[in-house]
Every structure is written in structure tokens, then in C-alpha cells.
Amino acid sequence: MPKVTQAHRDRQMRKILTAAEECFAEDGFHNASMDQIIKTANMSSSTVYRYFPNGKESLIETISHSRFDPLISAISTWGTSKKTPTLSEALKTGLQSLWACDDFDSSAAAIVRSARLAIGAWAEAPRDRKLQENFISHIGRVDEELQQLIGKWQDNGTVTRRLTPLEISQIIRSNVMGIIAELAIHGEMNIETHLQRLCKLLSE
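For the sequence shown, the UniProt record's numbering gives the first residue as 1, with consecutive numbering after it.
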């Protein structure tokens, strides 16, 4: 029997996660079933459960980490690096990291799917204690890392001091959630223009 490589396992896992994201974005976390996900992935149930033994719970947790961990890592790196990106650069790169895309325009369909996936997660959180706790934990880590970065922007005079780093972090978070909601509802939005306006409001 040929040896199964890590690259093969990674491809299989990515295929299952992509299928799960499609199902969750289309029908919501609560309504999407494992049978649906298995069919969309075009795999056997034994294969899917081999990678995700706890079914939907494992999938939801993995998807949550795959979205937030790169964002948190990026903000943390910026906060401790000698070369700090501008607010505009950080907002754009941060959203691209959250949505796992390289460009807003060419990835429009994937971004809308990500937005609907996020809306589904928000709707499911009150019903799923673990999902809610993970969501609160991720948001808390983003806020914590972002405040350090905002402090650097305030020190170099590019971001207003009229508000505290915590207040600015909360404004950024609320705006990002608004962008996600608008994308999920309307299916399109000029993200770059919105980010430019937000930067103007927060500039010194």
C-alpha cells in the first residue's frame, strides 16, 4: 500500500473544509448537515470523520481558527516590528488575511461567501456555547493585539489621540462587522472606499 503523504492529507482536509464552508455559508451552521458536507466534499463518511472525528463541532472549530489565527498573528507581528504598516495598509491586509484572499476584486465571490459564513457563525453562537466562547476569545485577542499597534500609530502621529487605543479598536471592529453584514446582505460593496473613509475619520 502506498504511503499517504502529509501533502495528500493537507489536500484532503482542505477539500473537506471548503465543502463545509460552502454548506455553512449556504444553509447556516445549524441547518447544514454532515451528510450534506460529505456529499459536497465527494468523499466517504469514514474519510471525513477520520479527519474531523467530532463532525460539525470539529469543522466549525477548525474553520474559526483558520480565519482568526492568521489575522491575530499578522497584527501581533506588526505591533512588535520596527517597520509598522500604515492604518490603511493594516486594514486592507488584515481583511485579506481574515478572508484568505489576495485581492478584493478578483476574490469577490469568495469574500461574499466568507461574509455569509461569518453571519452564520454569529447566528449560531447563542446556541453553541463553545462556538460563542471561541468567538469571544478570538475577538478579545484581536482587540488586545490591535491596541498595541494603535499605540504605535498614535506615537508616530498618524492616528488620532482623541480616542484611546481601546476605543479605536472597538470602532475598527464595529466597522469590519458592518462591512461583513453589508456584503452578506447585498452581495457587493466597495471595500477599499469604505476603508479609506474609516482611515480619514481616525487620522490625526
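Backbone N, C-alpha and C fix where the C-beta goes; we use that ideal spot for every residue, glycine too.
Asked: Supposed close pair W122, I111 - CB separation, criterion 8 Å; Found: At roughly 17 Å, the Cβ-Cβ gap does not stay under 8 Å, so W122 and I111 are not in contact.
Asked: Burial state of I38 (16 or more Cβ within 10 Å); Found: buried
Asked: Residue span of the alpha helix (DSSP H) that contains R141, given as start and end; Found: 129-155
Asked: Assigned exposure category for Q96 - 16 Cβ within 10 Å defines buried; Found: buried
Asked: Reduced DSSP secondary structure (H/G/I, E/B, other) of V159; Found: strand
Asked: Distance between E61 and G128 (C-alpha atoms, nearest Å); Found: Note on identity: in this sequence residue 128 is Asp, with Gly being the wrong assignment. Going from the Cα of D128 to the Cα of E61 covers about 11 Å.
Asked: Alpha-carbon spacing of N31 relative to C23, whole angstroms; Found: 9 Å
Asked: Whole alpha helix (DSSP H) elements within the region 72-133, 4-residue minimum; Found: 87-99, 108-124
Asked: Local conformation of S44 per DSSP, three classes; Found: coil
Asked: Per DSSP, cross-strand counterpart(s) of S203; Found: V159
Asked: Outcome for V4 when other beta-carbon atoms lying within 10 angstroms are tallied against a minimum of 16; Found: exposed
Asked: Between the CA atoms of G120 and S45 - distance to the nearest angstrom; Found: 24 Å
Asked: Integer Cβ distance of I191 from F52, believed to fall under 8 Å; Found: About 32 Å separates the two Cβ atoms, so there is no contact after all.
Asked: Boundaries of the alpha helix (DSSP H) in which K15 is found, first to last residue; Found: 6-31
Asked: Alpha carbon of A19 to alpha carbon of A41, nearest angstrom; Found: 5 Å
Asked: Among S107, Q148, W78, A90, the one whose alpha carbon lies nearest that of L198; Found: A90
Asked: Which of helix, strand or coil DSSP assigns to G187; Found: coil
Asked: Distance between S137 and L117 (C-alpha atoms, nearest Å); Found: 18 Å
Asked: Reduced DSSP secondary structure (H/G/I, E/B, other) of L165; Found: It should be noted that the sequence gives Pro, not Leu, for residue 165. Looking at P165 - three-state DSSP - the assignment turns out to be helix.
Asked: E188, buried or exposed, once every other Cβ within 10 Å from all chains shown has been counted against 16; Found: exposed
Asked: Helix, strand or coil at K3 according to DSSP, with G and I counted as helix; Found: coil
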